[in-house]
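**Student:**
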Amino acid sequence: MTENTSVPPILTLENYESFRTNAYVTIETYARKQKSTLPPGEVAFCRTVDPASALALERLSTKIKNKLNRLLVNADIPGTEMLGRVNDAKDFDIWFKDLVTMNDSLIDGVNASLDELTGRNQKFASSTADIPTSMVAQVRARSGDINIVYSRNITRPQAKFKDKIDNSGAPFIPKLPNKPNAIIPLKLGGIEEGSVYPHPYRYEITHLTYPSFIFEEKEPIQYRPLDDTPLIWVDTLEGLTAMCQKLESSQEIAVDLEHHDYRSYQGFTCLIQISTRDEDFIVDVLELRHHLHMLNNSFTNPNILKVFHGADYDITWLQKDFGVYVVNLFDTNQASHLLEMRFHSLAYLLKHYCHVDADKKFQLADWRLRPLTEEMINYARCDTHYLLYIYDRMRNELIQNSVTTTYNLLKVTLDRSAEISLQCYETFRYDPNGEGPNGYQKLLAKWNFPLNRQQLAVFKALHAWRDNKAREEDESLAYVLPNDILFTLSEKMPDDSKDITSLCRNIVPPLVRENTLELVSLITDAKNSVLNSTSNFDNKPVKTEREIRTVTSNSEPILNSKNIKWVLDTSHPKYNADDYKEKKSVLFGDFYIENGVNETSKKKVSEILSNLTFALPVLPKSISYHSNRTGPQPKPMDENSQPIILPVEHIYVPPEARSTKSKGKEREVVVLSQSISKKRQRLEDDDLIEDEKRLRRYDPYSPTATSSGNRNATISETFEIDGEANDDKDKKCSIM
Amino acid sequence: MVDRRRIQGPEVSVAPIIIKSADKRTCLKDEHSRRRDGRNLEDICPIFLKTGLISQANGSAFIEIRRTKIACGVYGPRQTKIPSFSGKGNLNVEIKFAPFSCQKRRQPYRDAQEKDLSQLVIEALVPSIRLDLLPKSTIDIYITVLENDGTASCLAAAITCASVAVADAGIEMLDLVPASSASYIGGEIYMDSDLAEEQHETGYLILSYMPSLKEVTHILQSGDVDLALTTQAIEQCTDACSKIYSVMINSLLLPIRDTQ
């Protein structure tokens, strides 16, 4: 940027680069200079203290103000005419905010134009014409790169569900229409609020007799190679029926689920992978959701073994979405614990038994995407393809490591798996006290930053709003308002929409953006509710067990005294100091006696008083000294022919040495070593200078006063031995 | 490295075995509810308070309460070394127990308890000092405990002493801050307890109070206490603070009284 007096060069395509570089260089130079200048608060301080700098600052402010006002005029941006002028510092903040908003809208406009140019204008695309696309983003994680597959423009699968999704938290009622393989018939009735519906297959699982083939140590059946195994995509009722027939004739089947929980409050299953010894099936459960209860035929058949890995959540998902239950389960995760393996993940098992490196890429994929990519399908089938072989190997190992009667690892595995299959899916209502798995208590405990009462109230309000919104819109809590933004908002307690969006930094959650006004009023209400409440606690009177009478010496009530006296009224104490004073010191004995006032205190007080008289143009008559005292005398003004220069630092000046007339006292000052403090200097008499060369004369009122060389960097004690004749007290020592 | 500047005790020392007769317990009060030194439960000890002990310091005070002896020096306001700007003054308190001050010899090094107590003194004094009149300045308060007769009463005495010393330094304050302590022993409140009484306490309360403004600047309570007992203790401590206040004023007015 050139001087403001000359015309800035016309910006053309050619000189843009150099222009921009110059601008950046200038800004950077000034920014760097900023670091060594005054800290921001200091400016106001300097302005108050030094009139010269105040003037300079004023001139600088005016210059800046004029530049700002001309900035927009010169830039000639449409819409800037609406911006007010900067008249003083108060206007600047508003002006700046407006400028930033305008800047943002300009940039948005540029972006929109660019989008139009490249043909990606989203404004006019209709939702049906949108092709669901999936993109892979690489994220660096501790174990290497993870690919996050995220999808845009996916229509909500929940819209196609025949069963209405109920997020209210009403007790979950099992969905199965009939109960195959039942010993006890199905009984579905109403249940009361707050309780969990009993497991429909509870009796069957607890009284299960495992088929004998499980307990036999057999040669593991090798898995078929991947390309040799038929992969069957099931998305029609016929396909499902055919698959179920095949499952019912198998002895063991391996199962895995893929579940989506970001764009749904309770989450829903997207995919079921099933493998038999010969084939792999992938079931598109988004299409076949309400038919999948057919799986119960095989899943609840006690003679067919179902192999899962990490079934804890799978079991509840099967219940929640399809009403499918599992009887006769083998969980390889539990087996790996009992076999005391190093790691318990499926990836480890695959590596250990099959020497297959599991592809970690699609761990965080969005499985709602249809059609699924080739890679995703492949990844999905691998989860179950090898599982039956792994089960074979682990079963053998469990049997080998067991002692049948006392230490039966296989039995324990099956028992634990059965326990897992007995889990029931539970729904929860929002708990205003923050208890429960989604309650705020847990979240608060994890967050290290302490919240004050206002922030806590805002936090609770936002937490409740988030849960409510999530249930209403059927989105997950993380989609509505991620935890970190929740805490930022609770901490900062923004007052208006702009603050909220700025606090969210890059990504404003869509539901937050839609509801900023609601959020603003929520936050303000929460803040005010705290201010209005008078007590910290619930206003319940505290019951004390006994009444205790306060014993005080004064009969007046202390704490509810209405007579508030003048603050500086030193006669206020109701008590006479003599009653509570100790007249003699134990440590100092007779040295400090009641009426013996410390000489140095006296001197200090009188020195302050004499300084007062000196500073005033007229000698006040009220402060006078007893003439018979040989104590300090103020130095009369007419003696001093030089102009009064007040000392810059607070120098201690014993009054005796100040006067030009020597009193002839013998006053010996022995300075053992010099003190580092600049504040206090011992004054010496003129007579002593010839004797002691170290001692310098210091006359505070002379402009040529030499501050002495008493600046050695040794810290030590200074002893002053006072041999004043008029002082018939004992020698005094100044210690420390 | 061996510390050659001080005379250390032996590295390993074993306390002598003293066989105490079981029935001989310290009786803290007799039939008339008078304590071992003749006071009532609610009485405070006489206070010896003197200013101007340390001539180098801007302000200083020395306090003796029963056996507790504390000297305090105030330096300031002086320039803060930190370059960043602060609109208010800083208050810096360093409390130090002399190695001979307690029953058991203390290490000469600054330990956690001293840091803790320093922080408490700061909290008690800050509301009373006009720090907003002293930008970019620091007030340094150095408290030396020469003899410690009960931690609670020692802390209370330290606060009192520091407050007087700050006033002695001529630093503007809203009011002096006396502090008093009370012990909860056997369901009763013993004001200004000493070391022996402290062994039997189930809790204590230290209160710092500005009598002219009728405001509590700092309150510290420890132990398992009944709510009614706490309320009573607060009232008694406030009363005691008013008494101590009169002594503080008396000690500050002394030098001026004599020179006029």
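In the order they appear, the protein sequences are chains D and B. Residue numbering for the first sequence follows full-length UniProt numbering, starting at 1 and increasing by one per position. Residue numbering for the second sequence follows full-length UniProt numbering, starting at 1 and increasing by one per position. Cβ atoms here follow ideal geometry from the backbone N, Cα and C, with glycine treated the same way. Just so you know, these numbers come straight off a predicted model, no measurement behind them.
1) State whether the region 296-306 of chain D contacts the region 319-329 of chain D, with contact taken as three or more CB pairs (one from each stretch) at a distance under 8 Å.
2) Count the other CB atoms, across all protein chains shown, that sit within 10 Å of the CB of D:ILE165; report buried if there are 16 or more and exposed otherwise.
3) To the nearest whole angstrom, what separates the beta carbons of D:ILE282 and D:LEU226, a pair I think is in contact under 8 Å?
4) Under 6 Å Cβ to Cβ from D:ASN536, same chain only, skipping five residues before and after it: list those, please.
5) Taking CB distances under 9 Å as the criterion, tell me whether D:GLY41 reaches chain B.
6) What does the Cβ neighbour count give for D:ASP685, buried or exposed, with the cut at 16 atoms within 10 Å?
7) Quick check on the burial criterion: 16 or more other C-beta atoms within 10 angstroms. Buried or exposed for D:ALA577?
8) Rounded to the nearest angstrom, what separates D:THR21 and D:LEU11 at their Cα positions?
9) How about the region 309-317 of chain D and the region 190-204 of chain D: do they share at least three Cβ pairs that are nearer than 8 Å?
10) Does the beta-carbon of D:PHE268 have 16 or more other beta-carbons within 10 angstroms, so that it is buried, or is it exposed?
11) Please report whether the beta-carbon of B:LEU195 lies at a distance below 9 Å from any beta-carbon of chain D.
12) Pairs of beta-carbons, one from the region 361-378 of chain D and one from the region 203-211 of chain D, closer than 8 Å: are there three or more?
13) Compute the Euclidean distance between the alpha carbons of D:MET102 and D:ARG263, then round it to the nearest angstrom.
14) What is the C-beta distance between D:MET493 and D:VAL458, in whole angstroms, given that I count them as a contact (C-beta under 8 Å)?
15) Less than 9 Å between the C-beta atoms of residue 274 of chain B and B:VAL74, yes or no?
16) Please confirm if B:PHE62 has its CB atom under 9 Å from at least one CB of chain D.
17) Name the chain D residues that come within less than 7 Å of B:PRO127, Cβ to Cβ?
18) Could you tell me whether the region 122-140 of chain B touches the region 214-227 of chain B, using the rule of 3 or more Cβ pairs below 8 Å?
19) So D:ASP280 packs on D:THR229, CB below 8 Å; how close in whole Å?
20) Assuming D:ILE221 contacts D:ARG277 (C-beta within less than 8 Å), just tell me the rounded distance between them.
21) Excluding sequence positions up to five away, which residues of its chain have a Cβ less than 6 Å from the Cβ of D:PHE428?
22) Roughly how many whole angstroms lie between the Cα atoms of D:ASN297 and D:VAL324?
23) According to the Cβ coordinates, are B:SER101 and B:ASN148 closer than 9 Å?
24) Cα separation between D:TYR348 and D:PRO482?
25) Is the shortest distance between the beta-carbon of D:TYR16 and the beta-carbons of chain B less than 9 Å?
26) Against chain B, with Cβ distances strictly below 9 Å, would D:PHE45 count as a contact?
27) Do you know offhand how far D:SER606's Cα is from B:GLY223's?
28) At 7 Å on the CB atoms, spell out the chain D contacts of B:SER84, in chain order.
29) Indicate whether the contact test is met: 3 or more Cβ pairs, each with one atom in the region 418-434 of chain D and one in the region 390-404 of chain D, closer than 8 Å.
30) Determine, using beta carbons only, whether B:PHE48 and D:LYS583 come nearer to each other than 9 Å.
31) In terms of DSSP beta bridges, what is B:GLY203 paired with?
32) Name the two residues that bound the continuous alpha helix (DSSP H) containing residue 336 of chain B.
33) Counting only beta-carbon atoms, is B:VAL164 nearer than 9 Å to chain D?
34) Starting from B:LEU155 and walking both ways along the alpha helix (DSSP H), at which residues does that stretch end?
35) Here's the rule I'm using: 16 or more other beta-carbon atoms within 10 Å means buried, otherwise exposed. How should B:ARG6 be labelled?
36) Out of curiosity, what's the CA-to-CA distance linking D:LEU369 and D:GLU258?
**Tutor:** Concretely, from the data shown:
1) yes
2) Residue 165 of chain D sits at position 165 when you count from the first residue of the first sequence. Counting Cβ neighbours within 10 Å, D:ILE165 comes out exposed, since fewer than 16 surround it.
3) To locate residue 282 of chain D, count along the first sequence from 1; it is residue 282. To locate residue 226 of chain D, count along the first sequence from 1; it is residue 226. Actually they do not touch by this definition, with Cβ atoms about 14 Å apart.
4) Position 536 of the first sequence, counted from the first residue, corresponds to residue 536 of chain D. Residue confidence for D:ASN536 is low, a pLDDT of 49 falling below 50, so the modelled location carries little weight; the figure read from the coordinates is stated next. So the list is empty, once near-sequence residues are dropped.
5) On the first sequence, residue 41 of chain D is found 41 positions in, with the first residue counted as 1. Yes, contact with chain B.
6) Numbered from 1 along the first sequence, position 685 holds the residue referred to as residue 685 of chain D. Any answer about D:ASP685 is weak, because its pLDDT of 43 lies below 50 and its placement is not dependable; what the coordinates show is given next. The residue is buried, with at least 16 neighbouring Cβ atoms inside 10 Å.
7) On the first sequence, position 577 is the one that residue 577 of chain D refers to. The residue is buried, with at least 16 neighbouring Cβ atoms inside 10 Å.
8) Within the first sequence, numbered from 1, the residue matching residue 21 of chain D stands at position 21. Within the first sequence, numbered from 1, the residue matching residue 11 of chain D stands at position 11. Roughly 13 Å separates the two Cα atoms.
9) no
10) One-based indexing of the first sequence puts residue 268 of chain D at position 268. Per the 10 Å Cβ criterion, buried.
11) Position 195 of the second sequence, counting from 1, holds the residue named residue 195 of chain B. So, not an interface residue.
12) no
13) In the first sequence, counting from the first residue as 1, residue 102 of chain D sits at position 102. In the first sequence, counting from the first residue as 1, residue 263 of chain D sits at position 263. Each residue's Cα considered, the two are about 34 Å apart.
14) Taking the first sequence and counting its residues from 1, the one referred to as residue 493 of chain D is at position 493. Taking the first sequence and counting its residues from 1, the one referred to as residue 458 of chain D is at position 458. Going by Cβ atoms, the distance from D:MET493 to D:VAL458 rounds to 5 Å, so yes, they are a contact pair.
15) This structure cannot settle anything about residue 274 of chain B, because the visible part of chain B is limited to 1 through 260.
16) Taking the second sequence and counting its residues from 1, one reaches residue 62 of chain B at position 62. Yes - at least one Cβ of chain D is within 9 Å of the one on B:PHE62.
17) Sequence index remark: in the second sequence, residue 127 of chain B carries index 127 (1-based). The premise fails here: B:PRO127 is roughly 14 Å from chain D at the closest Cβ pair, so nothing lies under 7 Å.
18) yes
19) For this step, residue 280 of chain D is matched to residue 280 along the first sequence. For this step, residue 229 of chain D is matched to residue 229 along the first sequence. At roughly 5 Å, the Cβ-Cβ gap stays under 8 Å, so D:ASP280 and D:THR229 are in contact.
20) The residue labelled residue 221 of chain D in the question sits at position 221 within the first sequence. The residue labelled residue 277 of chain D in the question sits at position 277 within the first sequence. About 6 Å; that satisfies the 8 Å criterion.
21) Locating residue 428 of chain D in the first sequence gives position 428, where the first residue counts as 1. Short of 6 Å from the beta carbon of D:PHE428, and not among the five residues preceding or following it, lie these beta carbons of its own chain, in chain order: GLY169 and GLY436.
22) The sequence position of residue 297 of chain D within the first sequence is 297, counting from 1. The sequence position of residue 324 of chain D within the first sequence is 324, counting from 1. Computed Cα separation, rounded: 9 Å.
23) On the second sequence, residue 101 of chain B is found 101 positions in, with the first residue counted as 1. On the second sequence, residue 148 of chain B is found 148 positions in, with the first residue counted as 1. Their beta carbons are under 9 Å apart, which means B:SER101 touches B:ASN148 by this criterion.
24) Stepping through the first sequence from its first residue, residue 348 of chain D is reached at position 348. Stepping through the first sequence from its first residue, residue 482 of chain D is reached at position 482. Distance between D:TYR348 and D:PRO482, taken at the CA atoms: about 32 Å.
25) What you label residue 16 of chain D is simply residue 16 of the first sequence in a count that begins at 1. It does not; no Cβ of chain B falls within 9 Å.
26) Mapped onto the first sequence, residue 45 of chain D falls at position 45. With 9 Å as the cut-off, D:PHE45 counts as an interface residue toward chain B.
27) Start at 1 with the first residue of the first sequence, and residue 606 of chain D comes out as number 606. Start at 1 with the first residue of the second sequence, and residue 223 of chain B comes out as number 223. Each residue's alpha carbon lies about 49 Å from the other.
28) In the second sequence, residue 84 of chain B corresponds to position 84, counting from 1. Near B:SER84 (Cβ distances below 7 Å), the residues of chain D are PRO39.
29) no
30) One-based indexing of the second sequence puts residue 48 of chain B at position 48. One-based indexing of the first sequence puts residue 583 of chain D at position 583. Taking 9 Å as the Cβ cut-off, B:PHE48 and D:LYS583 qualify as a contacting pair.
31) Within the second sequence, residue 203 of chain B is the residue found at index 203, counting from 1. B:TYR184 and B:GLY223, per the DSSP bridge assignment.
32) Look at the range of chain B in this structure, 1 to 260, and you will see that residue 336 of chain B is not part of it.
33) Translated into the one-based positions of the second sequence, residue 164 of chain B becomes position 164. Chain D contact via Cβ: absent.
34) By one-based count along the second sequence, residue 155 of chain B stands at place 155. Note, B:LEU155: alpha helix (DSSP H), 151-168.
35) Mapped onto the second sequence, residue 6 of chain B falls at position 6. Classification for B:ARG6: exposed.
36) The residue given as residue 369 of chain D occupies position 369 in the first sequence. The residue given as residue 258 of chain D occupies position 258 in the first sequence. The alpha-carbon atoms of D:LEU369 and D:GLU258 are separated by roughly 12 Å.
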